[in-house]
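Report on one structure; see the data block that follows.
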Amino acid sequence: MPKQKSQRVGLYVDVANITRNGGYGMRFDVLRDFACREAGEPVRLNAYVVYDEDRAKTDHDYRMRTFNFHSTLRDYGYKVIEKTVAWYIDEAGNRFGKANSDLDMAVDALLQSEKLEKVVMATGDGDFTQVISALQNKGCRVEVAAFQNISSLLKREADLFMSGYLIPNLLPIDGSDVKKSWGEIGSRVRGICYTYNQSKSFGFMRYLARIGPGLWVTDTRRSDSPYGTAFAHESNFQDSADINHLPSREMIFEFELTQGDKGVQASNIVKIYPSKKDKDGKESKENETVADAPTAD
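FYI, in my numbering the residues of the sequence shown are 9 to 305.
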């Protein structure tokens, strides 16, 4: 079998947007693996972060957390681009801070795209829709990954949109058995219910079993498919109201993989997206600050 040609990849992470919208605690090493999953060569790995210099002067804990976070990103090979919070006073005398790295990220991606074949953008911000179009016109394949409050226009413009919830181990699952790897029997994973028979009260869940090539191969009967499927009975859904909307590509569930008489089954199925707080990308951008530095692993 011929060796797969290395693909030049650029990864651009809007850290503030991701951490505010469901991605707090995201593992940046896993994100890198996902971006470079098809023999990719990471030419550019840019992480755009917000830094509050005023707070750092008086808050030792914030200063050290931020330093450790940025250091970990650099350990993973990322270039950390800091956007310093600018503080203002409004007409009522209230002090507020603003820091928006959208322009920096857009310009960098466009200028650096000459050396890239694939661009992966971790953001749900609809302001990047035209940037994606421009990158595609330059010959780049553009993929987007995000968790919540994702612009529908952004999702449609991308060559591939992948919910961060569905990428194995990108966002740790609370209460999962650390001794069980994602996709093993006894582990908890995230996936969608791609088919459901309302009259017979059962369906099947599909989940990404591993990070690798061939995301388009959704037929799990094929040996090269990176996906797995699990039988799902009505009784295993935590909220029966969710069943009325199945099947659905939009609803994302967490569930435990168990071994049944007829194969792999999904147990303790809980919907995690969309939540009542999700507003389809309509987040406020009045204050682009991040109160606390997230963790990188």
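Glycine included, each C-beta is placed from N, C-alpha and C at the ideal position. Here the structure is a predicted model, which means the values were calculated and not measured.
- Rounded to the nearest whole angstrom, the CA to CA distance from C201 to V21 is 29 angstroms.
- Per the DSSP secondary-structure output, A154 pairs in a beta bridge with S171.
- Between the C-alpha atoms of K187 and P176 there is a straight-line separation of about 15 angstroms.
- With respect to H241, F261 sits apart: the two C-beta atoms are not nearer than 9 angstroms.
- When Cβ pairs closer than 8 angstroms are counted between the two stretches, the segment 127-147 is seen to touch the segment 14-32, the count reaching three or more.
- In the structure shown, the three-state DSSP call for A274 is strand.
- In the structure shown, I193 falls within a coil segment according to DSSP collapsed to helix, strand and coil.
- One thing to note: V197 has its Cβ no nearer than 9 angstroms to the Cβ of F169.
- Around the Cβ of T66, a 10 Å sphere holds fewer than 16 other Cβ atoms; the residue is exposed.
- The count of Cβ pairs closer than 8 angstroms, one atom from the segment 39-51 and one from the segment 106-117, stays below three, leaving the stretches out of contact.
- CA-to-CA, the gap between N276 and N244 works out to about 5 angstroms.
- Of the other Cβ atoms in all chains shown, fewer than 16 fall within 10 Å of the Cβ of Q206; this residue is therefore exposed.
- DSSP places G211 within a strand segment (E or B) once states are collapsed to three.
- The closest CA to that of C44, considering only Y32, S14, A24, is found on S14.
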